[in-house]
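Peer 1: Numbering (the numbering used here), first residue to last: 25 to 398.
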Amino acid sequence: MTSNAPTKLIDNRDGLRALTATIDEQPWVAIDTEFHAERRYHPELFLLQFAFASGASFIVDPQRVDIAVLGPVLSHASCVVHAGQQDLAILWRECEAAPAAVFDVQIAAGMLGHGYPTRLETLVESILDTPLPKSTTLSDWSTRPLTRKQLAYAISDAQVLIPLRAALMSALESHGRTRWALDASAELAAAAQRRAPIDDRWTRWEIASQLDTEAVAAMANLCAWRDQRGRDKNQPATFMLSDGLALDIARRRPTSIDELASNRRIPQGLIRRFGREILSVVQAARVDPPAPPFIPTMTQLATMRSMEIWALAEGQRTGVAPNLLLPPEMLTLLIRHGLNALEGWRADAMGDSLAAFMAGQSAIRMTPDGPVVT
């Protein structure tokens, strides 16, 4: 599984030059990261791991060396990742590096009956038939010096990606799904380069369709405000204002601190720190309402739930994970734009089957093994 060649720990420019030369020479580079995301808006990077089919492997310490110099060489590299959107987003933020090609083993496995999302150790055991120790998963990666055990664990996740890719590519080719996996991985890589969208889960709550226009405007403004505040303070947006409190304020639309504080569940600390800002945000929504977000009607929500059940049945039939077929953002696009929203690999994988279901030409039947399309 792992190479006998020693892993090189890079904490200086000379080490980075050796790494960039290796990246240039190898067709695929496996990449993994160790970061802390807790209580942060932007995850903080502490290690960057690289492994190659040649057996070479490197661990870069971004606390000791400027990894921005890796940007140009990584921009021409083909990278293997597992659940890589966060890793790729960190590379984009730290190095302005967008790999030329990406293969996400989690996505590929999800197209071959292994479920999605699936932990790396589960994939290694089921596909490569070997265990992957996870004893240091919750290590404090900010401490220095790192122990040998921490370093061994960190590089092992990168090292297994090369044989995993080989095994999955063989299976994808035999199923005619190679292009699906590459296209879906490219989607993930493109999303990693975009600014994270403002959390809009509230628009899919059942109560959202019952809110009046002013409440919707206030809620949209409050979510945008807490997102920006979270970015500014590098804390999760919900640390600024929880979903439940945002909804309460949007429905009541207070105009004074006393009105804001009339809900006893609103912490006094929140009122002291942000009370005036929150009132201003609510007032701005009243004076200059933002563009209204798309909020599904109750009928549309029921249709979305039906499509989710259909995706379970279709996943049972095809082996493609339901969460890959119809993630929440795709369900919203389908409700808004119809089947024209299906493009690329999803159109190939399920376009005809979903069209038949939406036209009433097929149905879902429950069996002991779960729902099936008939």
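Where is the CB? At the ideal position from N, CA and C, for every residue including glycine.
Residue ranges of each alpha helix (DSSP H) run of no fewer than 4 residues wholly in the region 62-112, ordered along the chain?
Peer 2: Within the region 62-112, the complete alpha helix (DSSP H) runs of at least 4 residues are 95-98.
Peer 1: Is it buried or exposed for ALA214, if we count other Cβ within 10 angstroms and need 16 for buried?
Peer 2: For the purposes of this step, residue 214 is taken as residue 190 along the sequence shown, with counting starting at 1. Burial call: exposed.
Peer 1: For ARG277 and TRP249, I'd like the C-alpha separation in whole angstroms.
Peer 2: Here residue 277 corresponds to residue number 253 of the sequence shown, with the count starting at 1. Here residue 249 corresponds to residue number 225 of the sequence shown, with the count starting at 1. So the alpha carbons of these two residues sit roughly 15 Å apart.
Peer 1: Give a yes or no on contact between the region 67-82 and the region 131-142, applying the rule of three or more CB pairs nearer than 8 Å.
Peer 2: As far as the Cβ criterion goes, the region 67-82 does not touch the region 131-142, which means the pair count is below three.
Peer 1: Contact between the region 297-305 and the region 89-108 is defined here as three or more beta-carbon pairs at a separation below 8 Å; is this criterion met?
Peer 2: Contact between the region 297-305 and the region 89-108 is absent, because fewer than three Cβ pairs lie under 8 Å.
Peer 1: Hey, would you say TRP369 sits closer than 7 Å to ALA208, going by beta carbons?
Peer 2: For the purposes of this step, residue 369 is taken as the residue at position 345 of the sequence shown. For the purposes of this step, residue 208 is taken as the residue at position 184 of the sequence shown. Yes, they are a contact pair.
Peer 1: Assuming PRO123 and LEU98 are in contact, meaning their beta carbons sit under 8 Å apart, how far apart are those beta carbons, in whole angstroms?
Peer 2: In the sequence shown, the residue the question calls residue 123 occupies position 99. In the sequence shown, the residue the question calls residue 98 occupies position 74. Between LEU98 and PRO123 the Cβ distance is about 6 Å, and since that is below 8 Å, they are a contact.
Peer 1: Along the chain, where does the beta strand (DSSP E) that runs through LEU33 open and close?
Peer 2: Against the sequence shown, residue 33 aligns to sequence position 9. Here the beta strand (DSSP E) through LEU33 covers 32-34.
Peer 1: Quick one: what's got a C-beta closer than 7 Å to GLU120's C-beta in the same chain, skipping five residues either side?
Peer 2: For the purposes of this step, residue 120 is taken as residue 96 along the sequence shown, with counting starting at 1. GLY95, listed in sequence order.
Peer 1: Just mark ALA29 as buried or exposed, buried being the case when its beta carbon has 16 or more other beta carbons within 10 Å.
Peer 2: What you label residue 29 is simply residue 5 of the sequence shown in a count that begins at 1. It counts as exposed.
Peer 1: Applying the criterion that 16 or more other CB atoms from any shown protein chain within 10 Å of the CB defines a buried residue, is LEU363 buried or exposed?
Peer 2: Position 339 of the sequence shown, counted from the start, is the residue given in the question as residue 363. LEU363 comes out exposed.
Peer 1: Answer yes or no: do ALA182 and ASP48 have a C-beta to C-beta separation smaller than 7 Å?
Peer 2: Taking the sequence shown and counting its residues from 1, one reaches residue 182 at position 158. Taking the sequence shown and counting its residues from 1, one reaches residue 48 at position 24. Contact: no.
Peer 1: According to DSSP, GLU58 sits in a beta bridge with which residue or residues?
Peer 2: Position 34 of the sequence shown, counting from 1, holds the residue named residue 58. Answer by DSSP bridge pairing, in chain order: LEU71.
Peer 1: So for THR356, helix, strand or coil by DSSP?
Peer 2: Reading the sequence shown from its first residue, position 332 is the one you call residue 356. Residue state, collapsed to three classes: helix.
Peer 1: Starting from GLY339, trace the beta strand (DSSP E) in both directions and tell me its first and last residue.
Peer 2: One-based indexing of the sequence shown puts residue 339 at position 315. Counting along the chain, GLY339 falls outside any beta strand (DSSP E), though it belongs to the alpha helix (DSSP H) covering 322-342.
Peer 1: Determine the DSSP secondary structure at PHE318, reduced to helix, strand or coil.
Peer 2: Sequence index remark: in the sequence shown, residue 318 carries index 294 (1-based). PHE318: coil per DSSP, three-state reduction.
Peer 1: By a C-beta neighbour count over all protein chains shown, 10 Å radius and 16 as the cutoff for buried, is ALA345 buried or exposed?
Peer 2: Within the sequence shown, the letter at position 321 stands for residue 345. So ALA345 ends up on the buried side.
Peer 1: Tell me the DSSP bridge mates of VAL53?
Peer 2: Position 29 of the sequence shown, counted from the first residue, corresponds to residue 53. DSSP, once it has assigned bridges, lists CYS103 as partnering VAL53.
Peer 1: According to DSSP, simplified to helix, strand and coil, what is ARG250?
Peer 2: By 1-based counting over the sequence shown, the position of residue 250 is 226. Helix.
Peer 1: Can you tell me where the beta strand (DSSP E) holding THR391 begins and where it ends?
Peer 2: Start at 1 with the first residue of the sequence shown, and residue 391 comes out as number 367. Unbroken beta strand (DSSP E) run through THR391: 388-391.
Peer 1: Spatial neighbours of GLY339 within its chain, please: C-beta separation below 7 Å, excluding the five flanking residues on both sides.
Peer 2: Walking along the sequence shown from the start, residue 339 turns up at place 315. Once the five neighbours on either side are set aside, the close Cβ partners of GLY339 are ALA345, PRO346, LEU349.
Peer 1: Do HIS426 and VAL89 have their C-beta atoms closer together than 7 Å?
Peer 2: Given a span of 25 to 398 for the chain in the structure shown, any question on residue 426 remains unanswerable.
Peer 1: Quick check on the DSSP output: what are the complete alpha helix (DSSP H) runs of length 4 or more inside the region 241-307, in order along the chain?
Peer 2: Correct list: 261-264, 267-276, 281-284.
Peer 1: Please list the terminal residues of the continuous alpha helix (DSSP H) segment that includes ALA29.
Peer 2: Numbered from 1 along the sequence shown, position 5 holds the residue referred to as residue 29. From DSSP, ALA29 is part of no alpha helix (DSSP H); its letter is neither H nor E.
Peer 1: Could you tell me whether the Cβ atoms of ALA242 and VAL306 are closer together than 7 Å?
Peer 2: For the purposes of this step, residue 242 is taken as the residue at position 218 of the sequence shown. For the purposes of this step, residue 306 is taken as the residue at position 282 of the sequence shown. It is a contact, given that the beta carbons lie within the stated cut-off.
Peer 1: With 16 as the cutoff for other CB atoms within 10 Å, does GLY108 come out buried or exposed?
Peer 2: Translated into positions along the sequence shown, residue 108 becomes position 84. That one is buried.
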